[in-house]
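The next block holds one structure in the form of structure tokens; read it before the comments.
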Amino acid sequence: MKRLLRIFLSVLLTSLIMFLVAACNNTNNNGAIKIGSKDFAEQLILGEMYAIALEENGLTVERKLNLGGTPIAQAGLVTEAIDFYPEYTGTALLTVLKLPINTNKEQVYQTVSQTYADKYNLIWLEPSPMNNTQALVMTPEKSEQYQIKTIADLVAKASELTLIGPPEFQGREDGLPGIKQAYGDFKLKTYKAVDPGLRYPGLINGEADIAVGFATDGEISANNLVVLTDTKNIFPPAQVAPVVNEKILENNPEIQAILNKITAQITDETMQKLNYQVTGKNLEPASVARNFLLQEGLLTVQ
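In the numbering used here, the protein residues as written are 1096 to 1397.
Laid out in structure tokens, this is it:
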């Protein structure tokens, strides 16, 4: 029964991807550069940064943001429904290329950039200083209550703790299985599987003791959360960079310099603040992106 369910879900996902890609392709973009993104705040902000900067430099842009998860965005790129979108090195390594975990950020970038070029004719531009790797976080009060500062501390007290996070963290190579392999077997009191938007409210409201997060989540700095130290470096790096169709760069070589200037300014702290303006203060991603570009001197028009 479980095998049939997996087959059904796989077929359903494939059908959904093909439908969305076809919908993208049916749009007449009149030669515009088609910019995509995944479906969460950080991706929307980055996508808007790219679009606004290219428009500032006289290029015609079509926004195809908020496409969905990695499989849909990658399928759109391969089929040329979009011309580029922001991707993370660790996600490319594990989710797209299905390669083993590697925690050396330079090696991961070289691997994904070379393999994407060979396999897909896709070019990775320069990676950001930002590293949006996975993280386990606690409120200062819970961290103090349980005397937990590291993942090793968590493992030692796991049976007392409720962890809240996305459903896939329970099965991912860099999720619970990876933690157990590196730190030793353990059993949590509870794992609360929720949609990504419910992780931090659940943590702050006391429904869980620990949450699965990402290093650039705005809620971390806004709530002074404690990021547990990963002494065994089990989480792969997740530097962000635009991944671009090779033909688009050949036809518009100026894109590379424009986008690399943006990427160079994206640090963990910067992205946390930008993300929180959207997720915490409910500002529009386009407005947040434009203000950032103006502040960094990458945009001259209000």
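Don't be surprised by glycine CBs; every beta carbon is placed ideally from N, CA and C.
Of the candidates Leu1369, Val1173, Asn1370 and Glu1201, Glu1201 places its Cα closest to the Cα of Gly1185. In the DSSP annotation of this structure, Met1233 is not part of any alpha helix (DSSP H); the continuous beta strand (DSSP E) holding it starts and ends at Gln1229 to Met1233.
In the three-state scheme derived from DSSP, where H, G and I count as helix and E and B as strand, Ile1128 is classed as strand. In this structure, Leu1354 and Pro1337 form a Cβ contact; the two beta carbons are roughly 5 angstroms apart against a cut-off of 8 angstroms. Annotated as proximal: Gln1334 and Pro1222, with beta-carbon spacing under 7 angstroms. Comparing alpha carbon positions, the residue from Pro1181, Gly1273 and Thr1257 closest to Ala1306 is Thr1257. The beta carbon of Thr1311 sits closer than 7 angstroms to the beta carbons of Glu1137, Met1225, Asn1227, Asp1363, Met1366, Gln1367 and Asn1370 from its chain, once the five residues preceding and following it are set aside; these are given in chain order. When secondary structure is reduced to three states using DSSP, Ala1310 falls in the coil class, being assigned neither helix nor strand.
Looking only at Pro1331, Leu1162, Asp1134 and Leu1298, the smallest Cα-Cα distance to Thr1190 is reached by Pro1331. Take Thr1198, set aside five residues on each side of it, and the residues of its chain with a beta-carbon closer than 8 angstroms to its own are Asn1328, Ile1329, Phe1330, Pro1331 and Pro1332, in chain order. Straight-line spacing of the CA atoms in Ile1196 and Asp1269 works out to 8 angstroms. Judged by DSSP secondary structure, Ile1177 falls outside any beta strand (DSSP E); it is assigned neither H nor E. Of Ala1127, Gly1301, Thr1206 and Met1144, the smallest CA-CA separation from Leu1393 is found for Met1144. Among the bridge pairs identified by DSSP, Thr1285 is matched with Thr1257. Measuring C-alpha to C-alpha distances from Asn1377 to each of Ile1140, Leu1172, Gly1297 and Ala1127 identifies Ile1140 as the nearest. If you look at Glu1349, you'll find it isn't in any beta strand (DSSP E); it sits in the alpha helix (DSSP H) that goes Glu1349 to Thr1358. No Cβ-Cβ contact shorter than 7 angstroms links Ala1288 with Gly1375. By the Cβ-count criterion, Lys1342 is exposed, with fewer than 16 other Cβ atoms from all chains shown falling within 10 Å of its own Cβ. The C-beta separation of Leu1162 from Gly1126 comes to about 21 angstroms, leaving the pair out of contact by the 8 angstroms criterion. According to the DSSP assignment, Pro1296 belongs to the alpha helix (DSSP H) that extends over Arg1294 to Ile1299. 7 angstroms or more divides the Cβ of Leu1160 from the Cβ of Ile1128. The C-alpha of Asn1386 lies about 44 angstroms from the C-alpha of Lys1284. With a 10 Å radius around the Cβ and a threshold of 16 neighbouring Cβ atoms, Lys1133 comes out buried. For Leu1271, the enclosing alpha helix (DSSP H) has its first and last residue at Leu1271 to Tyr1278. In this structure, the alpha-carbon of Ile1315 lies about 12 angstroms from that of Arg1294. Here DSSP, grouped into helix, strand and coil, assigns Asn1377 to coil. Ranked by Cα distance from Leu1344, the first of Gly1273, Gln1240, Lys1214 and Phe1179 is Phe1179. The Cβ-Cβ distance between Val1232 and Leu1320 falls below 7 angstroms. If you compare the alpha carbons of Val1207, Leu1389, Pro1181 and Asn1347 with that of Leu1188, the shortest gap goes to Val1207.
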